[in-house]
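Undergrad: So that we are looking at the same thing, I have put the structure below in structure tokens.
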Amino acid sequence: MSDGTLYDKVWENHKVTELPNGQDQLFIGLHLVHEVTSPQAFGMLRERDLNVAYPERTFATTDHIVPTQEEKRKRPLEDEKSEEMLDALETNTGENGITFFDFESGKQGITHVVAPELGLSQPGMTVACGDSHTATHGAFGSIGVGIGTSQIRDVLATGCIAADKQKVRRIEIEGSLGEGVYAKDIILKIIQELGVDGGVGHVYEYGGPAIEELDMEGRLAICNMSIEGGARAGYINPDETTYEYLRGREYVPEGEAFDELVEYWESIKSDADAEYDDVVTINVDDIDPLVTWGINPGQVIEVSEPIPAPSDLPTQTEQEAAEQALDHMELSPGDSMLGYDVDVAFLGTCTNGRVSDFEVAADIIEGQQVPDDVWALAVPGSETVRKECEARGIDQTFIEAGWEWRRAGCSMCLAMNDDKLGADEVCASSSNRNFIGRQGDKDGRTVLMSPAMVAAAAVEGEVTDARRFLDDGPSDVLAADDVEEVAD
Amino acid sequence: MSGENHITEVSGTGVPIPGDDIDTDQILPARFMKEVTFDNMADYLFYDARRDDDGEFNDHPLNEFEGANIAVVNKNFGCGSSREHAPQAMMRWGVDGVVGETFAEIFADNCKSLGIPAATADKETVTALQEWIREHPDGDVEIDVEDETVTYGETTVDVDIDSSMQEALVDGIWDTTALMYSNMSKVEATVDGLPYVESDE
Chain A
1 MSDGTLYDKV
11 WENHKVTELP
21 NGQDQLFIGL
31 HLVHEVTSPQ
41 AFGMLRERDL
51 NVAYPERTFA
61 TTDHIVPTQE
71 EKRKRPLEDE
81 KSEEMLDALE
91 TNTGENGITF
101 FDFESGKQGI
111 THVVAPELGL
121 SQPGMTVACG
131 DSHTATHGAF
141 GSIGVGIGTS
151 QIRDVLATGC
161 IAADKQKVRR
171 IEIEGSLGEG
181 VYAKDIILKI
191 IQELGVDGGV
201 GHVYEYGGPA
211 IEELDMEGRL
221 AICNMSIEGG
231 ARAGYINPDE
241 TTYEYLRGRE
251 YVPEGEAFDE
261 LVEYWESIKS
271 DADAEYDDVV
281 TINVDDIDPL
291 VTWGINPGQV
301 IEVSEPIPAP
311 SDLPTQTEQE
321 AAEQALDHME
331 LSPGDSMLGY
341 DVDVAFLGTC
351 TNGRVSDFEV
361 AADIIEGQQV
371 PDDVWALAVP
381 GSETVRKECE
391 ARGIDQTFIE
401 AGWEWRRAGC
411 SMCLAMNDDK
421 LGADEVCASS
431 SNRNFIGRQG
441 DKDGRTVLMS
451 PAMVAAAAVE
461 GEVTDARRFL
471 DDGPSDVLAA
481 DDVEEVAD
Chain B
1 MSGENHITEV
11 SGTGVPIPGD
21 DIDTDQILPA
31 RFMKEVTFDN
41 MADYLFYDAR
51 RDDDGEFNDH
61 PLNEFEGANI
71 AVVNKNFGCG
81 SSREHAPQAM
91 MRWGVDGVVG
101 ETFAEIFADN
111 CKSLGIPAAT
121 ADKETVTALQ
131 EWIREHPDGD
141 VEIDVEDETV
151 TYGETTVDVD
161 IDSSMQEALV
171 DGIWDTTALM
181 YSNMSKVEAT
191 VDGLPYVESD
201 E
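Structure, rendered in structure tokens:
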């Protein structure tokens with residue numbers, strides 16, 4: 001049992017009572033709502049003749065189904081089913097007095113991008129949303145949990161969820177990242193080490209020098225993928241970086257009220273002598289950029305490493321999963337991912353659709369041209385991100401390099417809009433999941449990587465080490481040709 | 001709470017769905033979530049795995065074991081997206097209970113919300129059950145939620161059911177909205193203690 005961690009303190013502050021089934025009733029300080037998982041919940045609420053208990057703690061945006069092409073963002077939406085979902089969200093939020101960041105608001109975007117940038121996500125909160133990547137908000141030092149639709153009904157009706165307290169695993173990240181290696185690489189490394197189900201029964205507390213060095217956007221990318229490691233939530237203790245980020249944001253109080261909040265935020269940090277159920281240490285001093293080679297986010301290697309042979313893997317489970325992955329990806333043991341042909345480059349999502357992600361990618365693609373046979377898609381995580389990128393001219397860098405510069409949404413992460421992979425296509429993606437069928441076609445193939453690596457893959461039309469494009473990158477970076485020579 | 005909410009056992013016939021890390025994108029592909037009700041979800045259950053390139057049913061277990069109501073799965077079942085559409089689709093297809101090696105947590109939470117017991121057992125136990133079902137597609141399988149056992153043929157094996165899930169199902173208190181709604185005055189007291197929530201005054 002953990003003791004004195006941020007998780008313990010925030011849990012205690014939000015615990016209403018213990019329920020007869022042994023679970024805790026936990027108050028949710030911020031409830032985020034989107035169009036896909038909420039209409040059924042509002043329906044259940046109506047069936048029971050209940051109202052939304054805390055509309056002022058509830059915020060909605062639309063992300064999963066929205067078209068990202070400028071000309072298609074007109075109401076009614078061309079796709080009838082999408083229009084029906086958007087219409088339902090509009091009605092449900094309107095009838096219940098819930099703030100909805102719709103197209104006209106200029107703030108529409110992915111829940112996990114919008115809430116942080118508006119200052120809705122703050123340290124010491126509990127955050128829930130009908131989306132597994134709610135873990136993202138833990139970057140501020142909150143407990144963010146993804147919930148199902150019946151639980152959305154719970155939060156709407158009572159402001160609470162029924163939940164079991166989890167164990168806390170501290171993941172200490174030592175060392176410091178080399179040039180061209182990013183937060184995304186850290187989280188892929190963690191999932192590689194601990195497995196896609198390694199976090200079941202746990203929340204992850206990320207800490208250590210490499211985490212403390214990260215800016216908020218890097219921290220958001222790490223916490224975002226906690227769920228890919230099987231953890232129920234992931235968080236980072238708040239610090240000056242957190243407070244500096246929050247200062248002046250739209251929903252963050254100013255002056256004395258801010259200082260009072262900082263006192264609360266300081267009080268909920270894990271104690272120096274906090275007890276954890278488990279502590280894991282990972283050093284990132286020498287890691288290269290990582291890429292997935294398989295069909296879950298744990299099937300990942302540093303880009304210059306050979307793909308493992310199933311027979312070399314420790315368990316029968318992993319061996320069978322590797323066989324299936326190699327078959328789907330059309331890869332063989334010992335192959336390098338360097339030189340793996342890419343048809344689509346997708347930059348965006350709640351993992352890596354923030355301004356710094358486009359900034360990093362723009363540095364790489366500047367002056368380069370996407371080959372004709374590559375479809376490169378840049379989709380800002382929110383309209384605020386888009387406007388900021390446009391104000392800084394980042395969009396022009398993308399457009400000049402042959403990318404499509406789109407409006408905000410989830411897009412090709414899960415392909416609920418028009419942006420889908422074609423059969424057999426390979427996508428270099430900054431998203432969080434490489435599951436079969438995830439990007440809209442059951443034969444499509446997804447390779448997860450950092451935004452810099454996506455940008456480099458777009459330029460080359462194949463998986464490549466992005467550090468080759470960095471002026472100050474390391475000099476010993478391998479290219480695809482080098483690997484073939486080694487193989488010869 | 002009315003008696004109909006008590007779930008002490010589920011019984012019927014089984015369907016093995018083999019494979020580790022089966023994610024909710026496979027169980028219910030996202031492109032079929034564009035509906036504002038769960039009514040049609042059974043049609044989309046394991047859509048890509050159950051159909052060949054022409055959209056015809058293939059030899060997927062869900063096609064072979066039609067009418068089954070106990071799904072037997074392997075490790076980390078239901079990982080990935082939080083979508084309740086996945087267990088909703090299983091329930092609407094006919095699944096009343098699941099036995100597996102392990103479940104992803106949000107998926108297990110969703111099962112509880114729907115009154116679907118999710119029991120776990122070790123790999124050998126689960127594999128033996130899957131094998132038995134293949135050999136006895138019409139054989140009776142029963143999950144006893146109270147005793148935490150699964151009985152098939154002449155065999156009874158111990159399984160684990162998460163204690164809060166067990167309590168909720170057996171006592172008929174898995175409707176968490178009703179449970180929590182009765183504590184609204186306590187909720188107010190908790191909220192008053194939170195510095196980030198502005199009071200109404």
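Protein chains in written order, with full-length UniProt numbering: chain A, 1 to 488; chain B, 1 to 201. Idealized CB from N, CA, C, for every residue including glycine.
Would you report the Cα separation of A/ILE161 and A/ALA128, rounded to the nearest angstrom?
TA: For the purposes of this step, residue 161 of chain A is taken as the residue at position 161 of the first sequence. For the purposes of this step, residue 128 of chain A is taken as the residue at position 128 of the first sequence. Roughly 9 Å separates the two Cα atoms.
Undergrad: When DSSP labels each residue in this structure, what does B/LYS75 get in the three-state scheme?
TA: Taking the second sequence and counting its residues from 1, the one referred to as residue 75 of chain B is at position 75. Reduced to three states, the DSSP call for B/LYS75 is coil.
Undergrad: Looking only at its chain, what residues have a beta carbon closer than 6 Å to the beta carbon of residue 494 of chain A, apart from the 5 residues adjacent to it on each side?
TA: Since the first residue shown for chain A is 1 and the last is 488, residue 494 of chain A is missing from the structure and cannot be characterised.
Undergrad: In the region 44-68 of chain A, which residue ranges form an unbroken beta strand (DSSP E) of at least 3 residues, counting only runs that do not cross its ends?
TA: List check, beta strand (DSSP E) in window: 58-61.
Undergrad: What does the alpha-carbon distance come out to for the pair A/VAL426 and A/ASP102?
TA: For the purposes of this step, residue 426 of chain A is identified with residue 426 of the first sequence, where counting begins at 1. For the purposes of this step, residue 102 of chain A is identified with residue 102 of the first sequence, where counting begins at 1. So the two alpha carbons sit approximately 32 Å from each other.
Undergrad: Per the contact definition of three or more C-beta pairs closer than 8 Å, is the region 55-66 of chain A in contact with the region 83-90 of chain A?
TA: Touching, per the Cβ criterion.
Undergrad: Restricting to Cα atoms, I'd like to know which of A/ALA480, A/GLU71, A/THR58 is closest to A/GLY94.
TA: Taking the first residue of the first sequence as 1, we reach residue 94 of chain A at position 94. A/GLY94 has its Cα closest to that of A/THR58, out of A/ALA480, A/GLU71, A/THR58.
Undergrad: Can you tell me where the alpha helix (DSSP H) with A/PRO451 in it begins and where it stops?
TA: Your numbering for residue 451 of chain A matches position 451 in the first sequence. That run of the alpha helix (DSSP H) goes 451-460.
Undergrad: What residue does the beta strand (DSSP E) around B/GLY12 start on, and which one ends it?
TA: Within the second sequence, numbered from 1, the residue matching residue 12 of chain B stands at position 12. That run of the beta strand (DSSP E) goes 9-12.
Undergrad: Check for me: the beta strand (DSSP E) holding A/VAL113 runs from which residue to which?
TA: Here the question's residue 113 of chain A lines up with position 113 in the first sequence. Note, A/VAL113: premise wrong, no beta strand (DSSP E); alpha helix (DSSP H) at 111-117.
Undergrad: In three-state terms, what does DSSP make of A/ASN283?
TA: Taking the first residue of the first sequence as position 1, residue 283 of chain A is located at position 283. DSSP places A/ASN283 in strand when its eight states are reduced to three.
Undergrad: Figure out for me which residue from A/THR242, A/ILE191, A/GLU228 has the closest Cα to the Cα of A/LEU214.
TA: To locate residue 214 of chain A, count along the first sequence from 1; it is residue 214. Comparing Cα-Cα distances from A/LEU214 to each of A/THR242, A/ILE191, A/GLU228, the minimum goes to A/THR242.
Undergrad: Please classify A/VAL477 as buried or exposed, where buried requires at least 16 other C-beta atoms within 10 Å of its C-beta.
TA: For the purposes of this step, residue 477 of chain A is identified with residue 477 of the first sequence, where counting begins at 1. Answer is buried; the Cβ neighbour count reaches 16.
Undergrad: If I follow the unbroken beta strand (DSSP E) through A/ARG170, where does it start and stop?
TA: If you number the first sequence from 1, residue 170 of chain A lands on position 170. Looking at the DSSP string, the run of the beta strand (DSSP E) that includes A/ARG170 is 167-174.
Undergrad: Secondary structure at A/GLN25, three-state DSSP: helix, strand or coil?
TA: Counting from 1 along the first sequence, the entry for residue 25 of chain A is found at position 25. Looking at A/GLN25 - three-state DSSP - the assignment turns out to be strand.
Undergrad: Take A/GLU193 as the anchor and find which of A/GLY141, A/GLY298, A/ASP8, A/VAL463 has the nearest alpha-carbon.
TA: Reading the first sequence from its first residue, position 193 is the one you call residue 193 of chain A. Here the closest residue by C-alpha is A/GLY298.
Undergrad: Suppose the cutoff is 7 Å on Cβ atoms and the five residues either side in sequence are ignored; what does the same chain contact list for A/PRO123 look like?
TA: By 1-based counting over the first sequence, the position of residue 123 of chain A is 123. Only PHE140, GLY141, SER142, PRO238, THR242, TRP265, ILE268 meet the Cβ criterion.
Undergrad: Which residues mark the beginning and the end of the alpha helix (DSSP H) in which A/CYS223 is found?
TA: Along the first sequence, read from residue 1 onward, the residue named residue 223 of chain A stands at position 223. Per DSSP, A/CYS223 belongs to the alpha helix (DSSP H) from 216-224.
Undergrad: What are the start and end residues of the alpha helix (DSSP H) that includes B/CYS111?
TA: Counting from 1 along the second sequence, the entry for residue 111 of chain B is found at position 111. 105-114 is the span of the alpha helix (DSSP H), which, as asked, contains B/CYS111.
Undergrad: Chain B beta carbons: is any one of them nearer than 8 Å to that of A/GLY159?
TA: Here residue 159 of chain A refers to the residue found at position 159 when the first sequence is read from its first residue. It does: the Cβ of A/GLY159 has a partner Cβ on chain B nearer than 8 Å.
Undergrad: For the region 81-93 of chain B, which residues have a CB atom closer than 7 Å to at least one CB atom of chain A, in sequence order?
TA: Per Cβ criterion, the list reads SER81, SER82, ARG83, GLU84.
Undergrad: I'd like to know whether the C-beta atoms of A/LEU448 and A/ARG406 end up nearer to each other than 8 Å.
TA: In the first sequence, residue 448 of chain A corresponds to position 448, counting from 1. In the first sequence, residue 406 of chain A corresponds to position 406, counting from 1. Result no, Cβ atoms of A/LEU448 and A/ARG406 do not sit closer than 8 Å.
Undergrad: Any idea which residues DSSP pairs A/SER429 with across the strands?
TA: On the first sequence, position 429 is the one that residue 429 of chain A refers to. BP columns for A/SER429 point to A/PHE346, A/LEU448.
Undergrad: Let me check understanding here. Comparing Cα to Cα, which of A/ASN352, A/GLU117, A/PHE42 lies closest to A/GLY248?
TA: Within the first sequence, the letter at position 248 stands for residue 248 of chain A. For A/GLY248, the nearest C-alpha among the options comes from A/GLU117.
Undergrad: Tell me where the beta strand (DSSP E) around A/THR241 begins and ends.
TA: What you label residue 241 of chain A is simply residue 241 of the first sequence in a count that begins at 1. Not the beta strand (DSSP E): A/THR241 falls in the alpha helix (DSSP H), residues 240-246.
Undergrad: Cα separation between B/ASN5 and B/ASP96?
TA: Position 5 of the second sequence, counting from 1, holds the residue named residue 5 of chain B. Position 96 of the second sequence, counting from 1, holds the residue named residue 96 of chain B. One C-alpha to the other measures close to 13 Å.
Undergrad: Note down the Cα distance separating A/SER270 from A/TYR7, rounded to an integer number of angstroms.
TA: Taking the first sequence and counting its residues from 1, one reaches residue 270 of chain A at position 270. Taking the first sequence and counting its residues from 1, one reaches residue 7 of chain A at position 7. Whole-angstrom Cα-Cα distance: 8 Å.
Undergrad: Alpha carbons only, please: which of A/GLY230, A/SER311, A/ASP335, A/GLY199 is nearest the one belonging to A/VAL279?
TA: Indexing the first sequence from 1 puts residue 279 of chain A at position 279. The option with the nearest alpha carbon to A/VAL279 is A/GLY199.
Undergrad: The region 389-400 of chain A: which residues have C-beta closer than 9 Å to a C-beta of chain B, in chain order?
TA: So nothing in the stretch comes that close.
Undergrad: What's the call for A/MET1, buried or exposed, on a 16-neighbour Cβ count within 10 Å?
TA: Walking along the first sequence from the start, residue 1 of chain A turns up at place 1. Under this definition A/MET1 is an exposed residue.
Undergrad: Compare the C-beta of B/LEU114 against all C-beta atoms of chain A and say whether one is closer than 8 Å.
TA: Mapped onto the second sequence, residue 114 of chain B falls at position 114. Judged by the 8 Å Cβ criterion, B/LEU114 is in contact with chain A.
Undergrad: Smallest Cα separation from A/GLY180: which of A/ASP164, A/ALA466, A/SER475, A/ALA479?
TA: On the first sequence, residue 180 of chain A is found 180 positions in, with the first residue counted as 1. Among A/ASP164, A/ALA466, A/SER475, A/ALA479, the Cα nearest to that of A/GLY180 belongs to A/ALA466.
Undergrad: May I ask which residues mark the beginning and end of the beta strand (DSSP E) holding A/CYS160?
TA: Residue numbering aside, residue 160 of chain A sits at position 160 when the first sequence is read from its first letter. 160-163 is the extent of the beta strand (DSSP E) around A/CYS160.
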